[in-house]
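Chains as they are written, first to last, in my numbering: chain A, 35 to 542; chain B, 13 to 515. Take a look at the structure below.
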């Protein structure tokens, strides 16, 4: 297999990252030269800069000339420029941009140019993660994403909880990275290949003996499960989500997760492909896809169930959303489990669609949480009481986010769950869809409790919650997305997600 | 792409009104009158639907069909239309809503804007349920109805409102998810979610299920609908929701929401799973008859008027279910007409109870007595509605129940002794209804608080008059209403018997 050597194609493939580097530098420079009075607007530069880059990524799309793998693998096979990379890149960059905008609601962080620069760098990591197709690149991208997030989680040095969050995330993260790295090194050691598509060919023709496959797959999955906070590697999630500055919690639960899922899809299908995807001429093909399908199904069941059940007893909104995140990792893994047996790509498309709506929904929820916490100094659910009387629009936005998370139409979350469970049933995993449905009911309860508190309890304080202009932007963009992608814009997004899924099946 | 049909106009009107109010509404008064005007315009448009309805067509009419989501493996459409099954339910919804809205003018004082927004959202979603012909679209509206009702009960309800609201939401949603699973399965097999297309595939033999699959699918749909109806023993959410809901909420619940369940059986279970429908018909008939007797029995024991009316719904809807699963034209037509009747009569009863509650702030029967002397006009109108609910000949309830019993007696699937048992329900209804009327309205006006209760205000009169008109209209001109159902119901029965015997 050859890689594309077209210099122009290579530049275009990493143009988003190049632009983001420029943006990060620009933010740092402005941070130095702008006076404090001007610096309060620095978040707009970072936020709208990122949103603009996301729009650009969407406009660029993928090279039209061919869907050939050799044309899409650029920079020595480090990066694959395909629809899967593009859709996940848009997700993470949008998540980064909206996180920057909602940061502007926090007075302590609003003027910190370095904070925004770190956010942009972590988005660069996430964006590269979504496109990486080489073991080296995978590790580098994941670490760029993680290390900046460790820093950001502990950014509020005077806040004990934030410091604790940073340290905890770092310890667990380093641990998980070590597992992943060990798994990757095993694969490389046995095969001598680093490009995942070449690896896939070697692995499925018996280049790796069975125990090595099991161990390598297991080790790598530990790292992924950690990143998407799937049970049993979820322990860090509630503490880090609670302690980290809320915009970073939003970023963690969206960009970091989306990027890792994009990579997970690509990695599993490329390195351990189902035999039908390989050229028929190959002899002695081994099918390891069953392994990860079962693994994903098991992780899905435990993550959904545990996340939802533990969320029931939470009293802090950030911790509740943390457990809900764990549950949502489970839902998405249903889609992962549904992909391999299904050449139509419905499972992968469902995962991409689901993550897209999840990014918007979660940012929407956290945007409200930030405003509320900033005004009242509390993250307790009971203090949300009467929010609908204080700030009807904020309550409506939060309700929309919660309905979307619960999977109630007409919010996008419903379509997401519909597609996931449909893919599962199509792949013969009816039992998994049933477990998912039961979990939806459990989840519904705690989301409804928050709605109840906001609308049916009486407020202690009648004063409306102040909303900054940047927040209005973030809230409008994300809530428009949640409504539109659940109703009139389902088809365009699903088409794109399906294209992305089909790219997964373009193999050697 | 289809042309925009009248059906789309009818059911999008409440949403349009809602958006207009959001943009233009400046005061609470705007919201009150805006909501009323929107619902009246919707009612007018739904009557146009009746006017343009061609009774010689048995299939869907005024169809509006646009591709919404087309993936490689399945298609989801915006697909709406009307036929003999849904036409009167659409009119019923459009008829009940202005009454519910008007009756809330004085009783809702807190958060008025939010309230009327939810009312319009509710109307939109309910109409959506009755016009949707695509399973995906149907399911969306089916779920959306839960949201405004959750808020209506939870914000404006009585003391136990939050418990009732959450129970209502979770109970119904739990059933719905099983249906969603079945919908997904069906859509995957047929590669489309549009019901008419699925039916066409079944008739051409392209799509068929094994007997056991069909039964599972039937049950998954049936449980969702049975919870909504509600059929005994899945009824326990209903008394809570009804009693705690504000008056208009109860009116909508009894008037329209419960019909979504029985409508679902007719629209989906019978045509999609004909063989299973026949297999399960006797069992459902048993549950229906138990529901009739049980509902009546429990109603009799109530001390609270609203609870009494709530339990009577279980009894009345047992009749509807019995009619539907008689699986013959008389039974099904009677069932559909009885859905409408129950919406009018029980909706009316809840309005009557609400008016009393607004004056005395209690619903206990023992707090009343001799109300007729204090409020003669009100009591006279209440009497007509009570009589209509218990099925007095000449009023609407009688026609529906009589036709259902006729259908059940002539059914091949229901044992003959179910008919007399169900008829017993009519007698029981007379007992508990008259007992209630006797306790509340008759006797001596001995309680001091009741002596100076004001009679109906104009606004309340305008709420009750349309109900009385409908009661007499259906009671005396039932043929007019049946005429619209004839074609569709006959085609449905033929479809069921052909499909079920074809294997």
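All C-beta atoms, glycine included, are put in the ideal place defined by N, C-alpha and C.
{"Asked": "Among A:522, A:340, A:408, A:512, the one whose alpha carbon lies nearest that of residue 500 (chain A)", "Found": "A:408"}
{"Asked": "Simplified DSSP state of residue 76 (chain B), which is helix, strand or coil", "Found": "strand"}
{"Asked": "Range covered by the beta strand (DSSP E) that runs through residue 93 (chain B)", "Found": "87-94"}
{"Asked": "Beta carbon proximity, residue 32 (chain B) to chain A, threshold 8 Å", "Found": "no"}
{"Asked": "Neighbouring residues, chain B, relative to residue 532 (chain A) (Cβ below 7 Å)", "Found": "83, 84"}
{"Asked": "Residues of the stretch 481-493 of chain A whose Cβ lies closer than 7 Å to any Cβ of chain B, in chain order", "Found": "482, 486, 489, 490"}
{"Asked": "DSSP-derived helix/strand/coil call for residue 102 (chain A)", "Found": "coil"}
{"Asked": "Any non-hydrogen atom of the ligand ADP within 7 Å of residue 253 (chain A) CB", "Found": "Inclusion of the ligand ADP in the displayed structure is not the case, the ligand content being empty and no account of it being possible."}
{"Asked": "Within 7 Å of chain A by C-beta, residues of the stretch 151-175 of chain B in sequence order", "Found": "152, 155, 156, 159, 163, 166, 167, 174"}
{"Asked": "Inter-stretch contact at 8 Å, needing at least 3 Cβ pairs: the stretch 357-366 of chain A / the stretch 492-511 of chain A", "Found": "no"}
{"Asked": "C-beta neighbour in chain A for residue 186 (chain B), strict 8 Å", "Found": "yes"}
{"Asked": "Rounded C-alpha distance that separates residue 171 (chain A) from residue 110 (chain A)", "Found": "11 Å"}
{"Asked": "Proximal chain B residues relative to residue 459 (chain A), where beta-carbon distance stays under 8 Å", "Found": "193, 196, 197, 200"}
{"Asked": "Proximity of residue 431 (chain B) and residue 420 (chain B) at Cβ, strictly below 8 Å", "Found": "yes"}
{"Asked": "As assigned by DSSP and simplified to three states, the class of residue 36 (chain A)", "Found": "coil"}
{"Asked": "Cross-chain neighbours of residue 80 (chain B) in chain A, by beta carbon under 8 Å", "Found": "524, 525"}
{"Asked": "Identified DSSP bridge partners for residue 204 (chain B)", "Found": "B:87"}
{"Asked": "Pairwise C-alpha distance: residue 279 (chain B) and residue 254 (chain A)", "Found": "50 Å"}
{"Asked": "Spatial neighbours of residue 149 (chain A) in its chain, beta-carbon cut-off 6 Å, leaving aside the 5 residues before and after", "Found": "143"}
{"Asked": "The stretch 120-128 of chain B contacting the stretch 34-46 of chain B, beta-carbon criterion three pairs below 8 Å", "Found": "yes"}
{"Asked": "Separation of residue 160 (chain A) from residue 457 (chain A), as counted between CA atoms", "Found": "26 Å"}
{"Asked": "Neighbourhood of residue 264 (chain A) by C-beta, 6 Å cutoff - its chain only, sequence neighbours within 5 removed", "Found": "333, 337, 363"}
{"Asked": "Contacts that residue 380 (chain A) makes with chain B (C-beta to C-beta distance below 9 Å)", "Found": "83, 84, 85, 86"}
{"Asked": "Helix, strand or coil at residue 456 (chain A) [DSSP, three-state]", "Found": "helix"}
{"Asked": "N-terminal and C-terminal residue of the alpha helix (DSSP H) that residue 280 (chain B) is part of", "Found": "From DSSP, residue 280 (chain B) is part of no alpha helix (DSSP H); its letter is neither H nor E."}
{"Asked": "Contacting residues, own chain, Cβ-Cβ under 7 Å from residue 297 (chain B) (five flanking each side not counted)", "Found": "334, 337, 426, 430"}
{"Asked": "Beta-carbon gap between residue 381 (chain A) and residue 361 (chain A) smaller than 8 Å", "Found": "no"}
{"Asked": "Three CB pairs or more closer than 8 Å across the stretch 200-207 of chain A and the stretch 270-284 of chain A", "Found": "yes"}
{"Asked": "Where residue 182 (chain B) meets chain A, residues with beta-carbon distance less than 9 Å", "Found": "475, 478, 479, 482"}
{"Asked": "Extent of the continuous alpha helix (DSSP H) run through residue 384 (chain B)", "Found": "383-386"}
{"Asked": "Interface partners of residue 499 (chain A) on chain B, CB under 7 Å", "Found": "Under the 7 Å cutoff, chain B gives no residues; its nearest Cβ is about 18 Å from residue 499 (chain A)."}
{"Asked": "Neighbour-count burial assignment, residue 240 (chain B), 16 or more Cβ in a 10 Å radius", "Found": "buried"}
{"Asked": "Residue 186 (chain B) versus residue 473 (chain A) - alpha carbon distance", "Found": "10 Å"}
{"Asked": "Residues that residue 456 (chain A) contacts on chain B, provided the C-beta gap is smaller than 8 Å", "Found": "86, 196, 199, 200"}
{"Asked": "Closer than 8 Å to chain B by CB, residue 467 (chain A)", "Found": "yes"}
{"Asked": "Neighbouring residues, chain B, relative to residue 528 (chain A) (Cβ below 8 Å)", "Found": "81, 83"}
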